[in-house]
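By the count of our numbering, the sequence shown reaches residue 105 at its end, each step adding exactly one. Idealized CB from N, CA, C, for every residue including glycine. First comes the structure, then the notes that go with it.
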Amino acid sequence: MKKNIENNIKLKIAIALNRLLEIRRNNEKSTNDIAESFNKIAINADIRKATVSDTFNAITLPSTATLILILDAMQFDLCIFSEHYKSITEKDIYQFSNRSKNS
3 MKKNIENNIK LKIAIALNRL LEIRRNNEKS TNDIAESFNK IAINADIRKA TVSDTFNAIT
63 LPSTATLILI LDAMQFDLCI FSEHYKSITE KDIYQFSNRS KNS
């Protein structure tokens, strides 16, 4: 049971972060200092690119510190992240899971 709950949390975090990344990419193309790729996020957050990739792809459950570092690097706060996180449906999780398996 706990593993299933943790997996759903991991998926919801990944979905919310991917939504925020898409917003960043669409709205801030002209600003070079805002992270809009895994590499830029990793550099700005001073964490490994693999950690960023694993978080965005729901491979690992990030620590709170890692999540905050990623959000800061993307220039988002926990409130905005929380709004996206809370809006995720079971259908979103299903689609993300299937997308990940087919990649």
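Where residue i falls, given that 16 or more other Cβ within 10 Å makes a residue buried
i    : result
K14  : buried
L80  : exposed
E38  : buried
I17  : buried
R101 : exposed
M3   : exposed
Neighbourhood of residue i by C-beta distance below 7 Å, restricted to the same chain and skipping five residues each side
i   : result
K88 : none
D56 : T62
K51 : F40, N41 and A44
I49 : T68 and L71
L73 : D79, L80 and F83
Beta-carbon contacts of residue i that lie in its chain and below 8 Å, excluding the five residues immediately before and after
i   : result
I11 : L63
CB of residue i within 9 Å of CB of residue j, strictly
i   : j   : result
V54 : A47 : yes
F83 : L19 : yes
(Q) Which runs of the alpha helix (DSSP H) at least 4 residues long sit entirely within the region 9-68? Give them in chain order. (A) 40-47 and 51-58
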